[in-house]
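For the sequence shown, position 86 (counting from the first letter as 1) is numbered 86 according to the UniProt record's numbering, and the numbering increases by one without interruption. For each residue, glycine too, the CB sits at the ideal point set by N, CA and C. Note that the structure is a prediction, hence the values are computed from the model and not measured.
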Amino acid sequence: MSFGDPNNPYGQAPPPPQAPPGYGYPAAPPQGVPPQQAYGYPQQPGYPAYPGGMVMPPQMPGLMQTARVFLFIVGAVQVLIGILFLFIAAAANDVSNKSDDTFGDTPFGDIGHAAAGIMVVVALLFLGLSALSITLGVRLSKGRQGVRITTMVYGILGAVVGVLALVGSANNDSSGGLIWAILWISFGGIMAAAMMTRDGSAWFNRPRY
1 MSFGDPNNPY
11 GQAPPPPQAP
21 PGYGYPAAPP
31 QGVPPQQAYG
41 YPQQPGYPAY
51 PGGMVMPPQM
61 PGLMQTARVF
71 LFIVGAVQVL
81 IGILFLFIAA
91 AANDVSNKSD
101 DTFGDTPFGD
111 IGHAAAGIMV
121 VVALLFLGLS
131 ALSITLGVRL
141 SKGRQGVRIT
151 TMVYGILGAV
161 VGVLALVGSA
171 NNDSSGGLIW
181 AILWISFGGI
191 MAAAMMTRDG
201 SAWFNRPRY
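As structure tokens, this is what we get:
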């Protein structure tokens, strides 16, 4: 194919030289050939996100959510029992003081003061347990293995106390005691079981961001 006289300035100009392959931008792949994947580490799937780009945290397992609700319920009941024992202790102490003022120092007054002291100790015990129950319920969302182990032991001990109360209520034919014992066994058993499951263990071993 002729491009005319090279000395003729009005002749057809020759085509520009072609760059050898490998220089400049890579050539596009032929049609029908899928592009090759670039080398490197594959991307890991991320957590789902809320609108706005905030990363959604893992959700607490259902059984653990139930155990958390039970901890709050038990804590509230323990607060009420502690306050009730404080009122009873105060009333017993007032009766003992009036007995001492009326009849002098008698054995009945001493018994009343001793009973009031015992009730105060029991009230403080229940109030302390209520603080523990509520703290564990709050810490279940962000706690680590220490919270898991404490909650598991706490639930086991509660279930054991419920079993003892169940035996005592059965011997005394107390229907109310039976109901309370069954509830205590159920609450303690669910608390302990939630900490022992594989989902519960994974929840406390999850990465923190």
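#### Entry: Runs of alpha helix (DSSP H) lying entirely within the stretch 135-172, each at least 4 residues, in chain order
145-172
### Query
Is it buried or exposed for Gln78, if we count other Cβ within 10 angstroms and need 16 for buried?
buried
### Query
Which residue comes first and which comes last in the alpha helix (DSSP H) that contains Arg198?
198-204
### Reference Phe70, options Met119, Ile88, Val138, Gln59, closest by Cα
Val138
### Query
Any chance the stretch 163-171 sits against the stretch 118-125, with 3 or more Cβ pairs inside 8 Å?
no
### Message
At the level of alpha carbons, what is the spacing between Leu178 and Ser96?
### Response
34 Å
### Message
Taking a contact to mean a Cβ-Cβ separation below 8 Å, would you say Ser130 touches Gly188 in this structure?
### Response
no
### Query
What's the C-alpha gap between Val120 and Gly128?
12 Å
### Query
Taking all protein chains shown into account, do 16 or more other C-beta atoms lie within 10 angstroms of the C-beta of Gly176, making it buried, or fewer, making it exposed?
exposed
### Message
Rounding to the nearest angstrom, what Cα-Cα distance links Ala116 and Ile185 in this structure?
### Response
30 Å
### Query
So what does DSSP say about Ser175, is it helix, strand or coil?
helix
### Message
Beta-carbon within less than 7 Å of Ser201's beta-carbon, same chain only, minus the 5 sequence neighbours each way: which residues are those?
### Response
none
### Query
Around the Cβ of Met64, are there at least 16 other Cβ atoms within 10 angstroms (buried) or fewer (exposed)?
buried
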